[in-house]
Amino acid sequence: MKAALCIVCMTLAACAPKHTPEEALRIAVTYADLDWQPRQWHIRHGKDSAGIPVHTPDTTLASHTGDSRGWWEPGVPAKGMAYKWGGFDTPESFLQGLREGKKAGDIANTYKVRNDNAAISSESVGIDCSGFVSRCWGLDRHYDTRELPGISDPVSWDELLPGDIILKSGHVLMFAARKDGYVIGYEAGPKPTWRARRGAILISYLKKEGYNPWRYRHMAKPSASATEIQYDIYRPRSDAASH
C-alpha cells in the first residue's frame, strides 16, 4: 500500500501543471509597468504601530537614512511597484493597500536582514525580490531566496531561457533575454532605485558576484512569443542589487 501511495505521489508531482515563460514575463511586466499615484500619507520614516521600523523609498529617504535610492514623490505619477521587505503583493493588492492608506514600500537594511520575517511591516505594501519571482512563477506563497533552489534545478549560463532566474544569496532576478554580453531581466531590487523594474546587467559582473542560473521545475518550454516580447533596455549597469 505504501509503495502504491508513493507511486501516486510521484505521478502527481510529474503531472503538476506547467507554468509558462510567457505567463512569468507577462506578470513581471505588470510589476515593472505598474502606474500609481503617490500621496503624502504613503510616506513613513519611523516605527509602525507594532514597533517595526519602516522606511519608504520616497525621495526624502536620503535625508532619513543616507540611502539615495528613494524615487517616488507625492503628487508625481510613479511607475513600478515599490520595494517592500518581505513583500508579496499583487498589483491589485498594492493599489488597494494604497487606497486604504498603507505605506508605499519598506526598504531593506541591516535591521531587516537581522530580524528577517519579524521585520515585515503589515502596514506597508510592495514586493521584494523573491516575492516578485514567487508571483511571476505562480507560486501559492512567498518563497525566499534560500528556498528557491528547493523548487528549481541549476542550468548553465548558455541554457538560460525566459522565465529562468539568476540567484545568489540574498537576491534574485528573472531572466528575459541576453544582448551584447548583458542579461535583460526583471527584478524587485534596490539598484538603481527601490522598485520593480527591468534593465540590463553585465553577465561578467553577475558571475563575479556569485550569481547562478536556475530553472523552476514546473516551467514549460518557451514558445516563439516569449522571445518576441519587446523589452525596454535601460542604461546598462555593472552593479547588482541585494535583497
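In my numbering, the protein residues as written are 70 to 312. Just so you know, even glycine gets a beta-carbon here, dropped at the ideal spot from N, CA and C. All values reported here derive from a predicted model rather than from experimental measurement.
Is the CB-CB distance between TRP226 and ILE272 below 8 Å? yes
Between the region 126 to 143 and the region 249 to 258, can you find at least three pairs of beta-carbon atoms closer than 8 Å? no
Helix, strand or coil: which one does DSSP assign to ASP185? helix
Proximity below 8 Å, CB of ILE189 to CB of TRP263: no
Can you list, in chain order, the residues of its chain whose CB lies under 8 Å from that of ARG204, leaving out five sequence neighbours each side? ILE96, TYR100, PHE157, THR159, ILE196
Flag this pair as yes or no: are the beta carbons of ALA173 and LEU164 separated by less than 8 Å? no
Using CA atoms only, rank isn't needed, just tell me which of LYS237, ALA131, ARG247, SER292 is closest to PRO282. LYS237
Determine the direct distance from the alpha carbon of ALA151 to that of ASN186, and round the result to whole angstroms. 18 Å
Just reading off the beta strand (DSSP E) that HIS114 is part of, what are its end residues? 114 to 116
Would you check if the distance between the CB atom of VAL241 and the CB atom of SER292 is smaller than 8 Å? no
Anyone know if the C-beta pair for LYS153 and SER193 falls short of 8 Å? yes
Do you know offhand how far TYR285's Cα is from VAL98's? 19 Å
If ILE235 and TYR280 are in contact, beta carbons under 8 Å, what's the gap, nearest whole angstrom? 5 Å
Here's the rule I'm using: 16 or more other beta-carbon atoms within 10 Å means buried, otherwise exposed. How should TYR180 be labelled? exposed
Just to confirm my understanding: we take ARG108, look at its own chain, exclude 5 residues before and 5 after, and list those with CB closer than 8 Å. What are they? PRO143, GLY144, LEU167
Where do the ends of the beta strand (DSSP E) carrying GLY166 lie? GLY166 -> not in any beta strand (DSSP E); alpha helix (DSSP H) instead, spanning 160 to 168.
C-beta atoms of TRP206 and ALA119 nearer than 8 Å: no
Whose C-beta lies closer than 8 Å to the C-beta of PRO218 among residues of the same chain, with five residues either side of it excluded? LEU236, TRP283
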